[in-house]
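Accompanying notes for the structure given below.
2 protein chains.
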Amino acid sequence: MENITEMLKGVLEGCVLEIISRGETYGYEITQQLRELGFTDVVEGTVYTITMRLEKNNLVDIKKKPSTKGPPRKFYTLNAAGQEHLEFFWEKWEFVSSKLNELKLK
Amino acid sequence: MENITEMLKGVLEGCVLEIISRGETYGYEITQQLRELGFTDVVEGTVYTITMRLEKNNLVDIKKKPSTKGPPRKFYTLNAAGQEHLEFFWEKWEFVSSKLNELKLK
DNA sequence: TGATACTATTCTGCGATACTATATACTAGT
DNA sequence: ACTAGTATATAGTATCGCAGAATAGTATCA
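These protein sequences, in sequence, are chains A and B. Under numbering that gives the first Met the number 0, residue 105 is the last one in the first sequence; the count climbs by one each step, no gaps. Under numbering that gives the first Met the number 0, residue 105 is the last one in the second sequence; the count climbs by one each step, no gaps.
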């Protein structure tokens with residue numbers, strides 16, 4: 000799908016939070032999961048800015064682990080604040096989503 | 000609903016296109032319709048930037064008409080390009096929306 | 001006529017976000 | 001040595017919604 004950049008704003012971060020909440024993971028793998036989801040054009044740099052932001056806002060805990068396939072990985076897990084943030088994200092999504100579907104059908 | 004600004008990016012413009020497609024309307028009225036929809040915090044300035052953009056991108060036709068209640072109104076109607084843009088917007092929405100719901104349920 | 005309120009458009013600058021492009025680093029296979 | 005794949009990092013750019021204010025027209029009431 001082309002030109003969905005603007006529509007992903009505010010949404011992609013929520014996706015990353017959700018993916019992390021499913022279990023400890025790292026930037027590169029998150030990118031791949033987003034691509035598998037269907038957001039095929041998402042690149043590492045984009046995910047990196049998001050994880051950096053999560054880090055800055057203290058929503059994740061970090062553990063560095065060596066990798067057999069490249070440089071060390073930074074594994075993320077959601078902390079309590081991150082979990083709360085994620086829940087609030089889904090609430091917002093439900094709200095916006097319902098309003099748009101309402102508009103579409105009306 | 001608070002803090003949905005980022006999530007509205009790319010979405011609000013689509014809403015405005017949809018509202019215009021329902022029938023000739025003007026900025027102030029569009030703002031009110033968005034508020035009725037549930038986006039209570041949308042302000043005139045926001046809608047203005049959107050209509051200006053639609054205008055700049057030649058997606059709307061414009062007619063100025065006097066008002067009994069204030070300064071002249073600028074009425075917008077979708078042209079062919081605008082109609083196409085709207086359809087593409089809903090396609091994008093369907094795509095992103097389905098992916099998000101997929102992620103949420105999985 | 002002056003003040004106020006409501007309608008209505010316009011303008012500017014800002015902050016947040018995703019994207020582009022590139023650099024750097026480590027491992028494994030040929 | 002070279003390449004491909006993995007992986008983090010960073011600077012710069014474009015876009016978008018929003019805050020805040022200015023401007024302007026009409027109606028109403030003191």
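Cβ atoms here follow ideal geometry from the backbone N, Cα and C, with glycine treated the same way.
Among the residues of its own chain, which have a CB less than 8 Å from the CB of residue i, if the five just before and after it don't count?
i, result
"Leu33 (chain A)", "Leu11, Cys14, Val15, Ile18, Val41 and Val46"
"Ser20 (chain A)", "Leu77, Gly81, Gln82 and Leu85"
"Arg52 (chain A)", "Glu12"
"Gln31 (chain B)", "none"
"Pro71 (chain B)", "Lys63, Lys64 and Pro65"
"Phe106 (chain A)", "Residue 106 (chain A) falls outside the range modelled here, since chain A spans only 0 to 105, and no answer is possible."
"Leu36 (chain A)", "Cys14"
"Glu43 (chain B)", "Gly26, Tyr27 and Thr30"
Can you name the start and end residues of the alpha helix (DSSP H) that residue i belongs to?
i, result
"Arg52 (chain B)", "Glu43 to Lys55"
"Glu23 (chain A)", "No alpha helix (DSSP H) contains Glu23 (chain A), which DSSP labels as neither H nor E."
"Glu107 (chain A)", "Past the edges of chain A, shown from 0 to 105, lies residue 107 (chain A), and the structure says nothing about it."
Which residues does DSSP pair with residue i in a beta bridge?
i, result
"Leu77 (chain B)", "B:Val59"
"Lys64 (chain A)", "A:Arg72"
Is there at least one Cβ from chain B nearer than 8 Å to residue i's Cβ?
i, result
"Gly9 (chain A)", "yes"
"Glu83 (chain A)", "no"
"Leu102 (chain A)", "yes"
"Leu16 (chain A)", "no"
"Leu77 (chain A)", "no"
"Lys64 (chain A)", "no"
"Glu86 (chain A)", "no"
Checking contacts by CB at 8 Å: is residue i closer than that to chain A?
i, result
"Thr95 (chain B)", "At residue 95 (chain B) the sequence reads Val, which differs from the Thr that was named. Taking Cβ atoms only, chain A reaches closer than 8 Å to Val95 (chain B), which makes this a yes."
"Met51 (chain B)", "no"
"Glu28 (chain B)", "no"
"Ile19 (chain B)", "no"
"Glu23 (chain B)", "no"
"Lys91 (chain B)", "yes"
"Lys98 (chain B)", "yes"
Who are the near neighbours of residue i in its chain, counting only those whose CB is closer than 6 Å to its CB and skipping five residues on each side?
i, result
"Asp60 (chain A)", "Thr76 and Asn78"
"Leu58 (chain B)", "Ala80, Gly81 and His84"
"Ile49 (chain A)", "Glu12 and Val15"
Take residue i and list the residues in its own chain whose beta-carbon comes closer than 7 Å to its own, dropping the five residues that flank it on each side.
i, result
"Lys54 (chain A)", "Checking the sequence, you will find Glu at residue 54 (chain A) rather than Lys. Counting only Cβ-Cβ distances below 7 Å, and skipping sequence neighbours, we find Ile61."
"Phe88 (chain A)", "Gly13 and Leu16"
Below 7 Å, is the gap between the Cβ of residue i and the nearest heavy atom of the ligand ADP?
i, result
"His84 (chain B)", "As presented, the structure is devoid of all ligands, the ligand ADP included, so that no description of it is given."
Q) Which residues, taken in chain order from the stretch 35-62 of chain A, show a beta carbon closer than 8 Å to some beta carbon of chain B? A) So the close ones are Leu36, Gly37 and Phe38.
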